[in-house]
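As structure tokens, the structure follows; a few thoughts come after it.
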Amino acid sequence: MSDTPMTAAPPATDAAAADRMPTESRWAGLKRFVRTQPMGAVSALVILVFIVLAFGASMIAPHDPLAQDRTAILQGPSAAHLLGSDDLGRDVLSRIMHGSQISLYVGTMTIMISLLLGATLGIASGYLGGPVDAVLQGFIDAMLSIPPLILALFIASLLGPSVQNVIAALAVLTVPRFARIARGEMLRIKSEDFISAAVVLGASRTRIMLRHGLPNMVPSLIVVASLGFGTVIVAEAALTFLGIGTPPPNPSWGLMLSQGATYFQVAPWMIVFPGLAISATVLAFNLLGDALRDFFDPKLVR
Amino acid sequence: MLQMFLRRLAYGFLILNIMTITLFVVVRLIPGDPVRAQLGDAAVSPERIKQITAEFGLDRPVWEQLASWYTGAVRGDFGTSYSLGRPVGEVVFARLPLTIELTFIAVALAVTIGLLMGVVSAVRRNGWLDNVLRVTAVTGLSVPNFWLGLLLITFSSVVLRWVPPLEYRGFFTDPVANLAQMAMPAAALGVVLAASIARLSRSSMLEVLGADFVRTLRAKGAPERVVLFKHALRNSMLPVLTLIGVQLGALLGGTVILEQVFALPGLGRTVFEAVNNRDYPLLQMCVLLYGAIFIVVNIVVDMCYGWVNPRMRRAD
């Protein structure tokens with residue numbers, strides 16, 4: 046995730062990219078990002094920490110996240126348990142560290158699926174127009190009219206509690222949003238001169254969509270992906286909190302909150318710290334998304 | 012204007028039908044036995060199960076079930092809840108007011124606080140107050156509303172030693188108790204919207220404040236108060252209105268989880284139970300209602316455009 050600014054450098058080959066510093070190398074682009082968007086750079090660093098934590102949880106965590114200790118139940122933060130212990134004497138800090146794995150996994154998978162599907166649908170819908178567009182837009186409008194959490198709840202509940210099903214449910218939620226952005230971008234790009242030129246030169250529709258449409262909407266898609274990542278993390282926690290998401294005993298942030306909700310009066314640390322972990326991660330993704338948007342479109346900076 | 016209204020209404024109606032039919036077919040295609048879900052762990056003979064399946068009409072082909080749902084719906088009969096045994100219309104309309112009240116209070120709070128933050132930010136652009144408010148807003152966007160709800164109730168019970176009345180009271184039977192119960196969930200629900208309003212109104216205020224007509228106003232000596240509140244704020248209200256329409260879905264979704272956290276018997280709880288109990292008619296009704304509310308509010312928002320900005324009236 047941290048290297049998104051590099052891959053995001055607009056393709057130098059395309060005519061429309063001419064006003065976006067076409068000759069800039071990836072490395073120079075990254076340096077310019079760090080210089081002009083310090084908040085974004087810090088957020089990228091936070092996200093990097095989050096990723097390292099997720100991969101290295103079993104090595105870094107002070108305790109086994111599943112190990113119960115009947116002698117240390119519901120203890121407040123101390124030297125033995127930095128962020129306290131839960132109702133089964135499990136270490137809250139270790140559980141938060143391991144919980145990042147599920148958030149990262151669900152977030153990455155969901156965003157990748159919705160990028161792939163959403164961009165495909167949106168590009169096709171925007172470029173082809175006509176009946177394809179009309180039908181697709183009808184379905185997308187119908188899906189966007191149902192409150193997102195209820196849609197996810199419904200799908201996850203029908204499919205049964207498992208990580209894969211949570212991803213499926215959340216992807217159904219985010220695909221229409223990506224499709225809408227991609228469609229709007231495709232409509233904008235479609236009216237550019239270089240598309241007419243490609244048509245005149247006899248490029249096939251697939252080639253125009255993939256070689257001319259897609260590369261020119263990469264910046265917008267990256268911004269939406271970064272902001273969407275945060276939304277997905279919150280939604281996963283919400284589903285799990287309601288008992289329909291990631292099943293126990295896998296430590297996940299949503300599960301920790303729902304278990305902590307029972308003990309909030311005697312052990313507030315059980316809900317305070319997992320919630321802080323969610324908020325900090327989501328904040329980092331939101332700030333990164335903001336920074337990327339300003340970076341790609343300097344006209345918006347005020 | 013009227014033509015546009017009618018066209019939007021017709022499209023909304025079409026969308027509701029797509030939604031209804033898709034949901035109807037999908038719940039019946041995906042595995043999951045509603046009859047078993049109603050019976051729980053009770054040991055029941057296969058004959059009895061067959062009988063209940065027939066009672067629910069689930070033994071007939073999907074298209075036939077759909078046709079009978081539609082024949083009922085046009086007469087105002089949306090079916091009988093599997094788990095409660097009562098007409099779903101009755102169940103849903105008894106619980107709807109709570110959710111509407113909760114959402115309404117959340118929106119009112121969010122608009123008040125969000126606009127205030129946005130205007131102050133725009134006026135004090137790049138000052139320390141602006142920076143504080145912007146950080147507050149982006150943080151507000153990132154905090155899960157149910158966690159905020161949990162924090163509020165923890166804080167009020169542990170520190171203030173106060174918890175809202177446990178048993179739900181309607182607004183008209185006991186307004187004080189009702190508002191005491193609504194305050195925390197509504198505040199938690201409104202935070203994300205308040206944060207987005209603050210961000211949006213800041214940028215649209217800045218845009219308007221840089222417009223020619225504002226320079227003219229100032230040049231002719233209009234007091235800053237008039238420039239800000241009568242002209243700039245009014246002109247930057249349009250995007251905020253749209254935002255409220257767009258975010259309504261997220262708000263209504265948020266009520267599901269906050270009603271759960273605060274044990275409020277509203278529509279959000281009902282839809283959650285309907286999903287868990289595989290109560291198809293109840294679920295169908297809830298989703299239809301949510302969709303209708305979303306679509307109607309968004310049409311109203313678009314109509315408000317014409318009211319706030321007279322130029323839009325002739326645009327279509």
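Residue numbers (the numbering used here), protein chains in the order written: chain A, 46 to 347; chain B, 12 to 327.
No residue lacks a Cβ here, since even glycine has one placed at the ideal position from N, Cα and C.
{"Item": "If the cut-off is 9 Å on Cβ atoms, which residues from the segment 142–173 of chain B count as contacting chain A, listed in chain order?", "Value": "V149, T150, L152, S153, V154, P155, N156, F157, W158, L159, L161, L162, I164, T165, F166, S168, V169"}
{"Item": "Is there at least one Cβ from chain A nearer than 9 Å to Y22 of chain B's Cβ?", "Value": "yes"}
{"Item": "Determine the direct distance from the alpha carbon of F318 of chain A to that of Q310 of chain A, and round the result to whole angstroms.", "Value": "15 Å"}
{"Item": "If you compare alpha carbons, which of B:N287, B:R289, B:T281 is closest to Y301 of chain B?", "Value": "B:T281"}
{"Item": "Entirely within the segment 40–119 of chain B and at least 4 residues each: give me those alpha helix (DSSP H) ranges in chain order.", "Value": "45–50, 57–67, 73–85"}
{"Item": "Check whether the Cβ atoms of S139 of chain A and H108 of chain A sit closer than 9 Å, and answer yes or no.", "Value": "yes"}
{"Item": "Would you kindly work out how many angstroms separate the C-alpha atoms of E178 of chain B and G299 of chain A, rounded to a whole number?", "Value": "27 Å"}
{"Item": "With the cut-off set at 9 Å, would you say T110 of chain A and W314 of chain A are in Cβ contact?", "Value": "Just to set this straight, residue 110 of chain A is Pro in the shown sequence, not Thr. Contact: no."}
{"Item": "What distance in whole Å lies between the Cβ atoms of M231 of chain A and G171 of chain A, which are believed to be in contact at a cut-off of 8 Å?", "Value": "3 Å"}
{"Item": "Below 8 Å on the Cβ atoms is my contact criterion, and I expect L262 of chain B with T150 of chain B to pass it. Report the Cβ-Cβ distance as a whole number of Å.", "Value": "With 8 Å as the limit, L262 of chain B and T150 of chain B do not qualify as a contact, their Cβ atoms being about 19 Å apart."}
{"Item": "Do three or more CB pairs link the segment 45–64 of chain B to the segment 218–230 of chain A at distances below 8 Å?", "Value": "no"}
{"Item": "For chain B, is any of its Cβ atoms less than 9 Å away from the one on N13 of chain A?", "Value": "In the structure displayed, chain A extends from 46 to 347; residue 13 of chain A sits before or after that span and is not available."}
{"Item": "Residues of chain A with a CB under 8 Å from the CB of A261 of chain B: which are they?", "Value": "P192, P193, L194"}
{"Item": "Name the chain B residues that come within less than 7 Å of P313 of chain A, Cβ to Cβ?", "Value": "T165, V169"}
{"Item": "Let me make sure I understand the geometry here. Which of A:I253, A:A197, A:T165, A:A248 has the alpha-carbon closest to that of F286 of chain A?", "Value": "A:A197"}
{"Item": "Chain E partners of V327 of chain A, CB-CB under 9 Å?", "Value": "In the structure shown, chain E cannot be found, because the protein chains are A and B."}
{"Item": "Going along the chain, which residues of its own chain have a beta-carbon closer than 6 Å to the beta-carbon of A112 of chain A, five neighbours each way excluded?", "Value": "none"}
{"Item": "At least one CB of chain B closer than 9 Å to the CB of L332 of chain A: is that the case?", "Value": "yes"}
{"Item": "Compare the C-beta of F283 of chain B with all C-beta atoms of chain A and state if any pair is closer than 9 Å.", "Value": "yes"}
{"Item": "Rounding to the nearest angstrom, what Cα-Cα distance links Q14 of chain B and P72 of chain B in this structure?", "Value": "40 Å"}
{"Item": "S130 of chain A bridges to which residues according to DSSP?", "Value": "A:D136"}
{"Item": "Between S153 of chain B and L328 of chain A, which are expected to be in contact by the criterion C-beta below 8 Å, what is the C-beta distance as a whole number of angstroms?", "Value": "4 Å"}
{"Item": "Mind pulling the chain B residues with CB within less than 8 Å of A306 of chain A?", "Value": "L161, V272"}
{"Item": "Which value, in whole angstroms, describes the spacing of the CA atoms of Y93 of chain B and F240 of chain B?", "Value": "53 Å"}
{"Item": "Just checking my contact of S271 of chain A with G334 of chain A at CB under 8 Å: how many whole Å lie between their CB atoms?", "Value": "4 Å"}
{"Item": "By Cβ distance, which residues of its chain are closer than 7 Å to Q271 of chain B, with the 5 residues on each side in sequence left out?", "Value": "R280, F283"}
{"Item": "Along the alpha helix (DSSP H) that carries T281 of chain B, what are the first and last residues, could you check?", "Value": "278–287"}
{"Item": "Would you mind telling me which residues of chain B sit closer than 8 Å to Q310 of chain A, beta carbon to beta carbon, in chain order?", "Value": "T165, S168, V169"}
{"Item": "Cα-Cα, which of B:Y316, B:M296, B:M12 is closest to I191 of chain A?", "Value": "B:M296"}
{"Item": "Does DSSP put Q258 of chain B in a helix, a strand or coil?", "Value": "helix"}
{"Item": "Please work out which residues of its chain come closer than 7 Å, Cβ to Cβ, to T52 of chain A, disregarding the five sequence neighbours upstream and downstream, and give them in chain order.", "Value": "Since pLDDT at T52 of chain A reaches only 38, below the 50 mark, its modelled position is unreliable, and the value read off the structure follows with that caveat. So the list is empty, once near-sequence residues are dropped."}
{"Item": "Tell me whether F183 of chain B sits in a helix, a strand or coil according to DSSP, three-state version.", "Value": "coil"}
{"Item": "Can you list, in chain order, the residues of its chain whose CB lies under 8 Å from that of T110 of chain B, leaving out five sequence neighbours each side?", "Value": "L263, T266, E270, G277, L278, G279"}
{"Item": "What are the start and end residues of the alpha helix (DSSP H) that includes K235 of chain A?", "Value": "208–235"}
{"Item": "Any C-beta of chain A sitting closer than 9 Å to the C-beta of I246 of chain B?", "Value": "The question names Ile, but residue 246 of chain B in the sequence shown is Asn. Not closer than 9 Å to any Cβ of chain A, the Cβ of N246 of chain B fails to qualify, so no."}
{"Item": "Please report the residue range of the alpha helix (DSSP H) in which P155 of chain B lies.", "Value": "No alpha helix (DSSP H) holds P155 of chain B; DSSP gives it neither H nor E."}
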